[in-house]
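One structure below.
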DNA sequence: CATGAATGAGTGTTCATTCAT
DNA sequence: TATGAATGAACACTCATTCAT
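Protein chains in written order, with this note's numbering: chain A, 1220 to 1456; chain B, 1220 to 1456; chain C, 1220 to 1456; chain D, 1220 to 1456.
Here's what the structure looks like:
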């Protein structure tokens, strides 16, 4: 759970002492990108313990620095944590942008592809963390951040699906009486919840289920559920 | 959010009995059932702030008593909070038991009824609170409680839906290639997430949507998605 | 360690309900000698834990009553504890008075008898307790009590020995250049310390020694140490 | 009683450097060796009040620092107090090691010298404190420490005396029927008790006695008490 | 830049004591 | 007489934050 956040707690080789004898100075290593290291440490700890349960000490320790140093880079604890979260949101967003090539395939194919991409994202530890911490804790602690995150992780996804569905309706792939926006929310929110419960909680331990079945069943029901009626195949005036 | 939990922090009737003498006696309120009052106070505060951010002082104040009194009834803070949550889980469970008469209606009707009942439950403040606090915070702080709650709120519901689906498969109302367990999870988890996001977060403020549409679209897609294939149109007597 | 202090926590047979139906009153059993029961409970607990570590709750529990009841009989905690100690001191003193018949035996015999009586007393749990609690804790907490106790347990004993020694000096059993008062202190204080270390601490577990040897060696050395010089038997002008 | 432990609660030199500017900076005193200062403060307070009655606040105040600082150096209160006691035990032990040169004098001389050295130690405030606090309170609170201390202060001394006595027996200075181990205990335990009662309690106030007489009488009785029988007067060359 | 030392403002918990019945 | 309920005053311990170097 901490692999991608761990910071190098001391990396003596990168230092540029040469010629001069090591001058016994107390602080070696001016990290080029301290802030980012601190971001990662903060995220790792908050991921593991939750925001409220996270102590500044833990973050510092995780980053291999001392507490006061954090105040050189950030105003206070909240500043660090919230900026860390925003930084991660930005990263995830970048990652998402580079993701879905605008395909010309059929509606079902586009939805399937999107859903599977999304599921793969939801699998990731980081995502599980965000879904938990931000959706719950930040909703109370920092509504602004809550909003930013849901905008990125939910609302935009909803929109993408909504657009696909509308296009499908024009083509006749999707029944016209469907509320595309609501349907989109169902697919994405339902999928996220399914994935999160299955992949980031202990539920499978006492209520086991195969991940693939879960994913495909959900998608399948959805795709069938939005099909136009087939009994009157040309009944679309 | 605090309607059902608020306790009168001072009992006005006993205060000014007579304009004159009442010697400001230090404490009133012979508690009939303090423990339950404390449960409610604890729930109210934890609901509002989350478990980690809850201070004993707040609970005591909310219940109109002083901190040390809590130790008269409970071993420590966790004892109070966790027992409060369990108490509420029990209540909700009782409530759920008295709910769904075993109907002889068709599969669709039974699912619709169940979903609508459930949605009504998900609307309630208390439920939103549990979904947040327990699913997220208790997952980390008290896995046992997390398990108890998910067992009640999710796993059992899944089973009910699963049974209905299997019965439907026998009747021919539901297609046979459907994995009933996975489908049940999709309906319930998706519904909860939809309801929670819509009813217990600020999302509708910046991404509005009609609740009814949301609910009915989800149900509708699901019901259509589980129908047997109609390509063999005469197979339906 | 608690045998002699345990209070009957409920003794229904002694109640005088007759004729009338048991009136469901909350408080049965007016103990005839509550104070003494409380003394014993207090002593038992203080013995086990020391004065500072003793909580009123413990005493009440030990006596089979509730905390507030103690305030019916005693002003506060200290009042109870100190009176308990005084009560016990009185008891021990009574016991001591009834002890040593004024014997007409020789000096050595009298000393031997006294020392062995005393040693038997020092063996007792209660004594070990007093020696520890009073000598150390009460010296700081209640000097008055410290004084009362040492007067009884030490000073008076010293005097008895001193008198025996002086009598012995007159008879010629004890050398005349001996300071009887100092010698008496050495015998008694040394004996107490020896007995206490051996009988009321864990020392024998890692530094074993036979009790009898200890006792007799000490007495023996003392008796020989106070003998008149035998080399010049009539050298006493 | 506090002479060697008192800490300056404010460092006057840094206070009024210049009459004017000094902006009342919140804290001074870059501690050279805080841990030891805290040891001393802890010992001073525990000495005065006993372990159970000692509040962290007092120790901090005594050391001229604030409570939380203690947690910078020690895990908790017990960690500080117990380590302080161990530190002192170590010091006393060191001190003892550098004490008695192995003399070639006669048995009596060796015992006299040892006893007088010991008495001088028992006089010291610190020793009286240890004898009280450790022998009584630590016996209940921290048996391990009790053992460490008695090992150092009693058992080892006993052994030294025992060895001298055995050597004396070989030489013929000490009678052979004497149990050297028991005799050693009598001398040391009796001496400690005598010294402690006389020097560290209020007893002399109401039962006066000259210290020198006490010390010499005890030693004298002991030395005479271990002599070989003189009934065979010519056996002494 | 970097940190060890220091602190103020909490926060949970204990306990002798008192109120109301 | 007897007690369950209640509290004030303390106390151990935590933690974000700042000082001095």
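Glycine included, each C-beta is placed from N, C-alpha and C at the ideal position.
Note that the structure is a prediction, hence the values are computed from the model and not measured.
Item to complete: Could you tell me whether the Cβ of residue 1441/A comes closer than 9 Å to any Cβ of chain B?
Response: yes
Discussion item. By alpha-carbon positions, which one of 1380/D, 1356/D and 1417/D ends up nearest to residue 1401/D?
Written reply: Nearest neighbour of residue 1401/D by Cα position, chosen from 1380/D, 1356/D and 1417/D, turns out to be 1380/D.
Worksheet item: Going by the beta-carbon positions, is the gap between residue 1279/A and residue 1285/A smaller than 9 Å?
Response: yes
Worksheet item: Just by C-beta distance, which residues in the stretch 1345-1363 of chain B are closer than 7 Å to chain A?
Response: 1351, 1355, 1356, 1358, 1359 and 1362
Item to complete: Check the Cβ of residue 1272/A against every Cβ in chain B and list those closer than 7 Å, keeping chain order.
Response: 1271
Worksheet item: Do residue 1354/B and residue 1368/B have their C-beta atoms closer together than 9 Å?
Response: yes
Practice prompt. Would you list, in chain order, the members of the stretch 1400-1416 of chain A that have their beta-carbon closer than 7 Å to a beta-carbon of chain B?
Written response: 1400, 1401, 1402, 1404, 1405, 1408, 1409, 1411, 1412, 1413 and 1416
Worksheet item: Is residue 1265/D near residue 1308/D, with beta carbons less than 9 Å apart?
Response: no
Worksheet item: Under a Cβ-count criterion, where at least 16 other Cβ atoms within 10 Å of its own Cβ denotes burial, should residue 1446/C be classed as buried or exposed?
Response: buried
Discussion item. Strictly under 9 Å for the Cβ-Cβ distance: is residue 1365/C near chain D by that measure?
Written reply: yes
Worksheet entry | Contacts around residue 1338/A, its chain only, beta-carbon distance under 7 Å, and the 5 residues preceding and following it disregarded | So the list reads 1410, 1414 and 1434, once near-sequence residues are dropped.
Worksheet item: Looking at the structure shown, is residue 1326/B part of a helix, part of a strand, or coil, going by DSSP?
Response: helix
Item to complete: Could you work out which residues of chain C lie near residue 1421/D, taking near to mean beta carbons separated by less than 9 Å?
Response: Residues of chain C passing the Cβ test: 1358, 1362, 1365, 1366 and 1369.
Worksheet item: Is there at least one Cβ from chain C nearer than 9 Å to residue 1426/D's Cβ?
Response: yes
Item to complete: Have a look at residue 1438/D and residue 1356/D and give me their C-alpha separation to the nearest angstrom.
Response: The alpha-carbon atoms of residue 1438/D and residue 1356/D are separated by roughly 30 Å.
Discussion item. Relative to the C-alpha of residue 1267/C, which candidate in 1351/C, 1448/C, 1362/C and 1432/C has its C-alpha closest?
Written reply: 1351/C
Worksheet entry | Status (buried if at least 16 other CB within 10 Å, exposed otherwise) for residue 1324/A | exposed
Item to complete: Have a look at residue 1440/C and residue 1270/C and give me their C-alpha separation to the nearest angstrom.
Response: Residue 1440/C and residue 1270/C have their C-alpha atoms roughly 37 Å apart.
Worksheet item: At a cut of 8 Å, does the stretch 1294-1304 of chain A reach the stretch 1253-1262 of chain A through at least three beta carbon pairs?
Response: yes
Discussion item. Applying the 10 Å Cβ sphere with the 16-neighbour rule, what's the burial state of residue 1392/C?
Written reply: Answer is buried; the Cβ neighbour count reaches 16.
Worksheet item: Does the beta carbon of residue 1265/C sit closer than 9 Å to a beta carbon anywhere in chain D?
Response: So, not an interface residue.
Item to complete: Buried or exposed for residue 1364/D, please, with buried defined as at least 16 other CB atoms from any protein chain shown within 10 angstroms of its CB.
Response: buried
Practice prompt. List the residues of chain B that residue 1432/A touches, going by C-beta distances under 9 Å, in chain order.
Written response: Correct list: 1398, 1400 and 1401.
Worksheet item: Should residue 1384/A and residue 1326/A be called a contact, given that it needs their Cβ atoms to be closer than 9 Å?
Response: Residue 1384/A places its beta carbon less than 9 Å from that of residue 1326/A.
Worksheet item: Got a sec, what are the start and stop residues for the alpha helix (DSSP H) residue 1439/C sits in?
Response: Here the alpha helix (DSSP H) through residue 1439/C covers 1430-1445.
Discussion item. Which residue wins for smallest C-alpha separation from residue 1312/D, given the options 1421/D, 1260/D, 1426/D and 1376/D?
Written reply: 1376/D
Fill in: Alpha carbon of residue 1333/B to alpha carbon of residue 1334/A, nearest angstrom
27 Å
Worksheet item: Name the chain C residues that come within less than 9 Å of residue 1309/D, Cβ to Cβ?
Response: The premise fails here: residue 1309/D is roughly 19 Å from chain C at the closest Cβ pair, so nothing lies under 9 Å.
Item to complete: Return helix, strand or coil for residue 1420/A, following the three-state DSSP convention.
Response: If DSSP states are grouped into helix, strand and coil, residue 1420/A belongs with coil.
Worksheet item: When you compare only the Cα positions, how much space is there between residue 1275/C and residue 1361/D?
Response: 23 Å
Worksheet item: In the stretch 1362-1415 of chain A, which residue ranges form an unbroken alpha helix (DSSP H) of at least 4 residues, counting only runs that do not cross its ends?
Response: The qualifying runs are 1362-1369 and 1375-1390.
Item to complete: For residue 1340/C, decide whether its Cβ has a neighbour in chain D, counting only Cβ atoms nearer than 9 Å.
Response: no
Item to complete: Answer with yes or no whether the minimum CB distance from residue 1374/D to chain C is below 9 Å.
Response: yes
Worksheet item: In terms of residue numbering, what span does the alpha helix (DSSP H) encompassing residue 1345/D cover?
Response: 1344-1351
Worksheet entry | residue 1374/B versus 1408/B, 1347/B, 1349/B and 1343/B, residue with shortest Cα-Cα distance | 1408/B
Discussion item. Which residue wins for smallest C-alpha separation from residue 1395/B, given the options 1428/A, 1436/A, 1421/A and 1425/A?
Written reply: 1436/A
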